[in-house]
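In what follows, a single structure is set out as structure tokens and then discussed.
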Amino acid sequence: MRIRVIAALAAPLLWNNWLLPRLALDRGGRTAAGALAATGYAIALRGRPNWFSARGAGVGIGCAALVAAGYTVASAIPALRRSLSGAGDRAADVSTVEWVAVHIPLGTVYTEELIFRATLDPLLDKEFGTRAGIALGGAAFGLWHIRPALAAGDSVLGTVVFTGAAGSVFGTLRRWTGSATAPALLHWAVNAGGAVLARLNPGRTGPVPVASGRRGRRESDTLRP
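The opening position of the sequence shown corresponds to residue 764 in the numbering used here, with each subsequent residue numbered one higher.
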């Protein structure tokens, strides 16, 4: 395995699980830092997001519409509504509009799709082949969420498995459409829909992260809304 591929795998995991938490940034700072880090990573490794793909946009809009329909149905069923909103509000320090329109699309979707689907996955495919690339890319995406799961008090194993599987789905969408736009739109729909549902059905509220570096819930840290 070439040093370049090893570095491409290690850098995001060290960033999200070690360096970023130690910067003790507030929510806005984390969103900006994540987006800047992802941009630098993609430039350095020649990522290919192909954001302006008509096919990617079309497939992504279709996937997002299905997710929205699913959330709409779930919100009408009390048991499902409670289950989906049971994780509580993970961004109580910001408005719903800011959370859904700024922090999720920039701090989560742009950052993660640019790093993993647009940049890392093509490198893994080239080095190991598509099947192994899907598996390794998904595994890396799951491991990216270790520290956020610890900070949120979630099951680390459950979070890694869930987000790893999601990463493989997102990666497959990117390979199928040739664009990171499709998984980005699906990713945003899942997180934003869950965020809105949590706000409409308030339950427990996670601790608000502060600049002192104390652990807190962060919507930009995990796929789970």
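Yeah, the Cβ is synthetic: ideal placement off N, Cα and C, and Gly gets one too.
Which of helix, strand or coil does DSSP assign to W814?
W814: coil per DSSP, three-state reduction.
At the level of alpha carbons, what is the spacing between S942 and W778?
About 24 Å.
With a Cβ-Cβ cutoff of 8 Å, do C826 and A928 count as a contact?
It is not a contact, given that the beta carbons lie outside the stated cut-off.
So what's I806 in DSSP terms, helix, strand or just coil?
Helix, per DSSP.
Could you tell me whether the Cβ atoms of G810 and A881 are closer together than 8 Å?
Yes, the pair counts as a contact, with Cβ atoms nearer than the cut-off.
For P841, is the classification buried or exposed, using 16 other Cβ atoms within 10 angstroms of its Cβ as the cut-off for buried?
When all chains shown are included, P841 counts as exposed.
Taking T926 and R818 to be in contact with their CB atoms under 8 Å, please state how far apart those CB atoms are, rounded to whole angstroms.
That pair is no contact at about 25 Å.
Residues in its own chain within less than 6 Å of W814 by CB, not counting five upstream and five downstream?
Excluding positions up to five away in sequence, the list reads T944.
Using three-state DSSP, classify S931 as helix, strand or coil.
Helix, per DSSP.
Could you compute how far the alpha carbon of W781 sits from the alpha carbon of R910?
Each residue's Cα considered, the two are about 8 Å apart.
Given this structure, state the Cα-to-Cα distance separating V959 from V863, to the nearest angstrom.
About 8 Å.
If you compare alpha carbons, which of T935, A947, A898, N964 is closest to I824?
Here the closest residue by C-alpha is A947.
Using the Cα positions of D856 and G900, report the straight-line distance between them to the nearest angstrom.
So the alpha carbons of these two residues sit roughly 32 Å apart.
Counting only the same chain and skipping the five closest in sequence on each side, list residues whose C-beta sits under 6 Å from that of R937.
Cβ neighbours of R937 beyond the five flanking positions: R880, A943, P946.
Please look up how many angstroms separate the CB atoms of L808 and A796, rounded, as I've assumed it's under 8 Å.
L808 to A796, Cβ: 18 Å. No contact.
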